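Chains V and D supply the protein sequences, listed in that same order.
Following our numbering, the numbering of the first sequence begins with 1 at its first residue and continues without gaps.
Following our numbering, the numbering of the second sequence begins with 1001 at its first residue and continues without gaps.
There are 2 protein chains.
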Amino acid sequence: MANLADDIEQFLKLMMGDSGVAEVQRATLAAQFGCAPSQINYVLATRFTSERGYVVESRRGGGGYIRITRLNFEAGDAIHDLIQRQIGSHLSQDEALGYILRLHEQSIIDEREAAIMQAAIHRDTIALELPYRDVIRANLLKAMILAVLRF
Amino acid sequence: MANLADDIEQFLKLMMGDSGVAEVQRATLAAQFGCAPSQINYVLATRFTSERGYVVESRRGGGGYIRITRLNFEAGDAIHDLIQRQIGSHLSQDEALGYILRLHEQSIIDEREAAIMQAAIHRDTIALELPYRDVIRANLLKAMILAVLRF
DNA sequence: CGTCTCCTGACGTTTTTTGACCATTACTGA
DNA sequence: TCAGTAATGGTCAAAAAACGTCAGGAGACG
């Protein structure tokens, strides 16, 4: 229940709001949440990945900062690019989950559709040994996203 | 008949109440009942199976939890029968398609959801040789239907 | 006896959190 | 200008916090 990483994730997303950009200082944010500064890096590394549609930039030294930007799908074009270029020939469960969360967060798919996709790409569902499992998972995610794009 | 497993089962069902969801921490619950933590897993494995209409999710690490969700069907329901008996351990594309169309006709899934499922069970998506392909397809359809029944 | 269900404990895995140490950038005062 | 110091953020390994698995013991029941 109250895990810190999730709280910080929510806080940052709230902070981004409509603008899609949040800029913070690591030490200040860590102090607000009463945690180690490196905890912030953990949140960035696990919750604001490129699969989930975020870009993180930072700068050290005086006046340093961390800036998180959400990449929005403007046209259907960006999604086609996602399918054809970003998703390759194989995909881990975490990566696939990231893409699904992104599609849901940006209202391309609803909660039920996200749940269906998550069930499909789960490692227990694709019960295969590892080189093959990730290949089938990539096929699945691409096919399912394409199916949704026809509407 | 005052066995622990039954007590814990009752407690969890009471906790789910109308919402159909119970979330607990394994160690805390075990402490409440004065038993070994693994006893909780035993209860989950024997009493809250998908066959009985439940889905169990969990998370490890700090802030970890166990969440039990009651699915929207009764034992003896047509859908229950579909998942438990009709869909076996393997499934052809035509058979799967038939089930998906039926779910749509019965308004259990909408058009988009049907399209996602159809894409997933297509033979080109599950690019495997024949004994295996039909096994994975059966897994896929069952998992996707279960996913939808949570809502 | 043999089998089934319940229950425990030892050991394993995953996720989060912390802390020590490193790297980079800005400021400041000869 | 330039060197030194202050101010930031980054990395990585270890600890901590949960949950999972599995073999086996203890009864109950036929």
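All C-beta atoms in this analysis are idealised placements derived from N, C-alpha and C, irrespective of residue type, glycine included.
If you're wondering where the values come from, they're calculated on a predicted model, not measured in any experiment.
List the residues that DSSP assigns as beta-bridge partners of residue i.
i, result
"I1068 of chain D", "D:A1022 and D:V1056"
Looking at residue j and residue i, is the spacing between their C-beta atoms short of 8 Å?
i, j, result
"M1072 of chain D", "L1149 of chain D", "Here the sequence assigns Asn to residue 1072 of chain D, which means Met is not the residue at that position. For N1072 of chain D and L1149 of chain D, yes; Cβs fall inside 8 Å."
"Q1118 of chain D", "L1097 of chain D", "yes"
"I126 of chain V", "I1145 of chain D", "no"
"D1124 of chain D", "L1091 of chain D", "no"
"A1156 of chain D", "A115 of chain V", "Limits of chain D in this structure are 1001 at one end and 1151 at the other, which puts residue 1156 of chain D out of reach."
"T69 of chain V", "V55 of chain V", "yes"
"Q1032 of chain D", "G1064 of chain D", "no"
"R102 of chain V", "R59 of chain V", "no"
"I79 of chain V", "I109 of chain V", "no"
Can you give me the C-alpha to C-alpha distance between residue i and residue j, rounded to a whole angstrom?
i, j, result
"N3 of chain V", "A27 of chain V", "19 Å"
"D1018 of chain D", "I100 of chain V", "29 Å"
"L141 of chain V", "G62 of chain V", "44 Å"
"A143 of chain V", "I66 of chain V", "36 Å"
"Y1132 of chain D", "G1088 of chain D", "13 Å"
"R112 of chain V", "F1151 of chain D", "7 Å"
"I1121 of chain D", "D81 of chain V", "23 Å"
"H104 of chain V", "I8 of chain V", "20 Å"
"E23 of chain V", "E57 of chain V", "9 Å"
"K1013 of chain D", "L29 of chain V", "40 Å"
"M16 of chain V", "C1035 of chain D", "45 Å"
"F1048 of chain D", "S1038 of chain D", "15 Å"
"Q1106 of chain D", "L44 of chain V", "44 Å"
"G20 of chain V", "D94 of chain V", "23 Å"
"S1050 of chain D", "E1074 of chain D", "11 Å"
"L128 of chain V", "G1076 of chain D", "32 Å"
"A5 of chain V", "F1011 of chain D", "30 Å"
"Q1086 of chain D", "L1130 of chain D", "20 Å"
"N139 of chain V", "N1139 of chain D", "16 Å"
So residue i contacts chain V; which residues on that side make the cut at Cβ distance below 9 Å?
i, result
"G1062 of chain D", "N3, L4 and A5"
"F1151 of chain D", "E111, R112 and A115"
"V1148 of chain D", "R112, A115, I116 and A119"
Quick check on DSSP: helix, strand or coil for residue i?
i, result
"T1046 of chain D", "helix"
"R112 of chain V", "helix"
"F11 of chain V", "helix"
"T125 of chain V", "coil"
"D1077 of chain D", "coil"
"R1150 of chain D", "coil"
"L82 of chain V", "helix"
"L1103 of chain D", "helix"
"L1130 of chain D", "helix"
"G88 of chain V", "coil"
"F1033 of chain D", "coil"
"A1098 of chain D", "Reading the sequence as shown, one finds Gly at residue 1098 of chain D and not Ala. Of the three classes helix, strand and coil, the one that applies to G1098 of chain D here is helix, per DSSP."
"A1143 of chain D", "helix"
"A5 of chain V", "helix"
Please list, in chain order, the chain D residues whose beta carbon lies closer than 8 Å to that of residue i.
i, result
"V56 of chain V", "Going along chain D, no residue has its Cβ under 8 Å from V56 of chain V, so there is no contact; the nearest lies around 22 Å."
"A127 of chain V", "V1135, I1136 and N1139"
"R102 of chain V", "Within chain D, no residue comes near R102 of chain V; the closest Cβ sits about 16 Å away, beyond 8 Å."
Along chain D, in chain order, which residues have C-beta atoms closer than 7 Å to that of residue i?
i, result
"E113 of chain V", "R1112, E1113 and I1116"
Output, in chain order, the set of chain V residues within a Cβ distance shorter than 7 Å of residue i.
i, result
"M1144 of chain D", "I116, A119 and A120"
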